[in-house]
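Visitor: Pasting in a structure now, in structure tokens, and then I'll have a few things to ask.
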Amino acid sequence: MAFYRQLGVIPAKRHTQHRDDDGNLYYEELMGEEGFSSDSSLLYHRYIPSAIVEATKWELGDQSTTPNHPLEPRHLQLHKLFPEATWSETDVVTGRRLILGNPDVRISYVVSAKESPLYRNVVGDEMVYVESGTAEIQTVFGTLMAEPGDYVLLPMATTHRWVPTGDEPLRAYVIEASSHIVPPKRYLSKYGQFLEHAPFCERDLHGPSQLVQVEEENVEVLVKHRTSNGIVGTRYVVPNHPFDVVGWDGCLYPYTFSIHDFEPITGRVHQPPPVHQAFEGNNFVICNFVPRKVDYHPLAVPVPYYHSNVDSDEVMFYCGGDYEARKGSGIGQGSISVHPGGHAHGPQPGAYERSIGVDFFDELAVMVDTFRPLELGEGALACEDPSYASSWNRNR
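Read in our numbering, the sequence shown has 343 at position 337, and its numbers run on one by one without any break.
Listed below in structure tokens is the structure:
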């Protein structure tokens, strides 16, 4: 998405000398996607960004997954995963528990009151949804502030750390891609500007507000990366703190986007899930279900019709309001429903009938649809409601 930003001090022309007041050269770093063929930014460092003192293995948490076999819909109760006693010792990076995953995307959850280590993910972009709590996200591009309802987009290889703020712990729903995460192409012009029919626009994206300057030596940075055997971790020690950037410009940078700034698209009859789409990655999409007026045809049935996800698994994270279609299922705040491809699903018994005549839904949910089957992580197995699969088995 070609939306240019600039922060700090940069030279008048790229790839030319840039010096401090004492005549010392700054070191220019190109951070770009798809080789040299897509969006990029130029960052200017006080120290050489390639320097490392030491590299050792960083053992990630349990990344194992279990196939959804036999094929069942699932209800996962994420709030059960992190007792209050663990919050002060858990950080957003190392404390994540894997919920669902496939080769394209991994979904984790964490509740944290502790500052994270410095970290960068070089497997793909991360999209973190803040369910509750607030945080300052310090990055090489500068500082972002996040509050409930915010998505935080962190481009691949962005060095950053999470600093929870306020009295409430940070509850974070983490979507890690093996690709880049971008707005849907149908909402962008051929030059990358949001079009008039898009449900949000550039004004809703909030980039870094100010640079972070830290003078420190022999600093640890955790790096998540790929090998031929899968995703692994490395712990670097670098001679100077990565937050040494004096300026940058370009079209690649982290940003926040509030789900409350998503403008819902509605119609006379029930609209299909693609109208709720906000972002996409390789083989998956991210959608927002927000408070909205619903179908206004005189014979409309506002809740979703029953549907079989022939080509995809559907994951719904319920993060606010009252989700009309799931009443009676036990699903509530902090729940995830997993409706796998090959299983016809839809409203719980009674919801279809109750919705007739309703003109407004007060609901908030983040949906991820994947086009390869998802497997269950250790976090999912630890918080599953085993009764959900039979919750439609009620007579009229």
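Heads up, the beta-carbon is just placed ideally off N, CA and C, and yes, glycines get one too.
What you are looking at is a predicted structure, and each value in this text was computed from that prediction instead of being measured.
Under 8 Å from any heavy atom of the ligand SAH, does the C-beta of V251 make it?
Guide: Within the structure as shown, the ligand SAH is missing, as the structure has no ligands at all.
Visitor: Near L77, which residues of its chain fall below 8 Å by C-beta distance, leaving aside the five closest residues on each side in sequence?
Guide: Counting from one through the sequence shown, the residue named residue 77 turns up at place 71. Counting only Cβ-Cβ distances below 8 Å, and skipping sequence neighbours, we find P346, G348 and H349.
Visitor: Round the Cβ separation of G383 and L104 to the nearest angstrom and send it over; I've been treating them as touching at under 8 Å.
Guide: Against the sequence shown, residue 383 aligns to sequence position 377. Against the sequence shown, residue 104 aligns to sequence position 98. So it is a contact: roughly 3 Å between Cβ atoms.
Visitor: Counting pairs of Cβ atoms below 8 Å between the stretch 202 to 211 and the stretch 138 to 158, do you hit three or more?
Guide: no
Visitor: Just to confirm the assignment: which complete beta strand (DSSP E) runs, minimum length 3, are found wholly within the stretch 55 to 139?
Guide: 60 to 64, 80 to 83, 103 to 107, 111 to 118, 124 to 127 and 132 to 138
Visitor: Tell me which same chain residues have a C-beta within less than 7 Å of the C-beta of W93, skipping the five on either side of it?
Guide: Position 87 of the sequence shown holds residue 93. If we look at W93 and ignore the five residues flanking it on each side, its Cβ neighbours are V117, S118, A119 and P175.
Visitor: Quick one: what does DSSP say H276 is sitting in, helix, strand or coil?
Guide: Stepping through the sequence shown from its first residue, residue 276 is reached at position 270. Reduced to three states, the DSSP call for H276 is coil.
Visitor: Identify every residue that forms a DSSP beta bridge with K299.
Guide: Working through the sequence shown from its first residue, we reach residue 299 at position 293. Bridge partners of K299: F366.
Visitor: S43 to L36, Cα distance in whole Å?
Guide: The residue given as residue 43 occupies position 37 in the sequence shown. The residue given as residue 36 occupies position 30 in the sequence shown. Computed Cα separation, rounded: 12 Å.
Visitor: I237 by DSSP, collapsed to three states: which one?
Guide: Walking along the sequence shown from the start, residue 237 turns up at place 231. I237 sits in a strand when the DSSP states are folded into three classes.
Visitor: Quick one: residues in its chain with C-beta nearer than 8 Å to the C-beta of T100, no 5 flanking neighbours on either side, listed in chain order?
Guide: Counting from 1 along the sequence shown, the entry for residue 100 is found at position 94. Take T100, set aside five residues on each side of it, and the residues of its chain with a beta-carbon closer than 8 Å to its own are G67, S122, P123 and L228, in chain order.
Visitor: Which value, in whole angstroms, describes the spacing of the CA atoms of G385 and L87?
Guide: Start at 1 with the first residue of the sequence shown, and residue 385 comes out as number 379. Start at 1 with the first residue of the sequence shown, and residue 87 comes out as number 81. When rounded, the distance between both Cα atoms is 7 Å.
Visitor: Could you please give the first and the last residue of the uninterrupted alpha helix (DSSP H) stretch that includes R360?
Guide: In the sequence shown, the residue the question calls residue 360 occupies position 354. Here the alpha helix (DSSP H) through R360 covers A357 to R360.
Visitor: Considering only DSSP beta bridges, list what E226 is partnered with.
Guide: Working through the sequence shown from its first residue, we reach residue 226 at position 220. Paired residues: V243.
Visitor: Taking 9 Å as the threshold (C-beta atoms), are R241 and T72 in contact?
Guide: Within the sequence shown, residue 72 is the residue found at index 66, counting from 1. Within the sequence shown, residue 241 is the residue found at index 235, counting from 1. No.
Visitor: For H282 and P190, what's the separation of their Cα atoms in angstroms?
Guide: As a position in the sequence shown, residue 282 is number 276, starting the count at 1. As a position in the sequence shown, residue 190 is number 184, starting the count at 1. Between the alpha carbons of H282 and P190 lies a distance of about 11 Å.
Visitor: Label F216 either buried or exposed according to how many other C-beta atoms from any shown protein chain fall within 10 Å of its C-beta, with 16 as the threshold for buried.
Guide: For the purposes of this step, residue 216 is taken as the residue at position 210 of the sequence shown. Correcting the residue identity first, residue 216 is Gln in this sequence and not Phe. Exposure of Q216 is indicated by the presence of fewer than 16 other C-beta atoms within 10 angstroms of its C-beta.
Visitor: In the DSSP assignment, find the beta strand (DSSP E) that holds L387 and state where it starts and stops.
Guide: Indexing the sequence shown from 1 puts residue 387 at position 381. Careful: L387 lies outside any beta strand (DSSP E), inside the alpha helix (DSSP H) at E384 to A388.
Visitor: From the DSSP output, in three-state form, read off D255 for me.
Guide: In the sequence shown, the residue the question calls residue 255 occupies position 249. D255: strand per DSSP, three-state reduction.
Visitor: Measure the Cβ-Cβ separation of P248 and T165 and say whether it is below 9 Å.
Guide: As a first step, residue 248 must be located in the sequence shown, where it is residue number 242. As a first step, residue 165 must be located in the sequence shown, where it is residue number 159. Cβ distance < 9 Å, so P248 and T165 count as in contact.
Visitor: Just verifying my parser: in three-state terms, what is the DSSP assignment at I181?
Guide: Here residue 181 refers to the residue found at position 175 when the sequence shown is read from its first residue. If DSSP states are grouped into helix, strand and coil, I181 belongs with the strands.
Visitor: Quick check on G352: does DSSP put it in helix, strand or coil?
Guide: Walking along the sequence shown from the start, residue 352 turns up at place 346. G352: coil per DSSP, three-state reduction.
Visitor: So what does D156 bridge to, in DSSP terms?
Guide: If you number the sequence shown from 1, residue 156 lands on position 150. D156 pairs with S264.
Visitor: Which value, in whole angstroms, describes the spacing of the CA atoms of S47 and V251?
Guide: Here residue 47 is taken as the residue at index 41 of the sequence shown, counted from 1. Here residue 251 is taken as the residue at index 245 of the sequence shown, counted from 1. Roughly 12 Å separates the two Cα atoms.
Visitor: Going straight from the alpha carbon of G130 to that of R360, what length do you get?
Guide: Taking the sequence shown and counting its residues from 1, one reaches residue 130 at position 124. Taking the sequence shown and counting its residues from 1, one reaches residue 360 at position 354. Cα to Cα, the separation comes out at about 42 Å.
Visitor: By alpha-carbon positions, which one of F263, C389 and D97 ends up nearest to L150?
Guide: If you number the sequence shown from 1, residue 150 lands on position 144. Nearest C-alpha to L150: F263.
Visitor: For P280 and Q12, what's the separation of their Cα atoms in angstroms?
Guide: Position 274 of the sequence shown, counting from 1, holds the residue named residue 280. Position 6 of the sequence shown, counting from 1, holds the residue named residue 12. Their Cα atoms are separated by approximately 33 Å.
Visitor: Can you grab the Cα-Cα spacing for the pair S397 / I16, in whole Å?
Guide: For the purposes of this step, residue 397 is identified with residue 391 of the sequence shown, where counting begins at 1. For the purposes of this step, residue 16 is identified with residue 10 of the sequence shown, where counting begins at 1. About 59 Å.
Visitor: Give the C-beta separation of E322 and A388 to the nearest angstrom, bearing in mind that I take them to be a contact with Cβ-Cβ under 8 Å.
Guide: The sequence position of residue 322 within the sequence shown is 316, counting from 1. The sequence position of residue 388 within the sequence shown is 382, counting from 1. With the sequence shown as reference, residue 322 is identified as Met, and Glu is not the correct amino acid for it. Rounded, the Cβ-Cβ distance is 19 Å, inconsistent with contact.
Visitor: Whose C-alpha, out of S138, I58, A163 and Y10, is nearest the C-alpha of V128?
Guide: Taking the sequence shown and counting its residues from 1, the one referred to as residue 128 is at position 122. Minimum Cα distance to V128 is reached at A163.
Visitor: Could you pull the start and end residues of the beta strand (DSSP E) that Q219 belongs to?
Guide: For the purposes of this step, residue 219 is identified with residue 213 of the sequence shown, where counting begins at 1. From DSSP, Q219 is part of no beta strand (DSSP E); its letter is neither H nor E.
Visitor: Would you tell me roughly how many angstroms separate the C-alpha atoms of V134 and R332, rounded to the nearest one?
Guide: Residue 134 sits at position 128 when you count from the first residue of the sequence shown. Residue 332 sits at position 326 when you count from the first residue of the sequence shown. So the two alpha carbons sit approximately 24 Å from each other.
Visitor: If you count every other CB in all the chains shown that lies within 10 Å of the CB of V291, and 16 or more means buried, which is it?
Guide: Mapped onto the sequence shown, residue 291 falls at position 285. Buried.
Visitor: Helix, strand or coil for S343? Go by DSSP, reduced to three states.
Guide: Sequence index remark: in the sequence shown, residue 343 carries index 337 (1-based). Looking at S343 - three-state DSSP - the assignment turns out to be strand.
Visitor: Leaving out the 5 sequence neighbours to the left and right, which residues in its chain are closer than 8 Å to L31 when beta-carbon positions are compared?
Guide: In the sequence shown, residue 31 corresponds to position 25, counting from 1. Cβ within range, chain order: Q23, H24 and R25.
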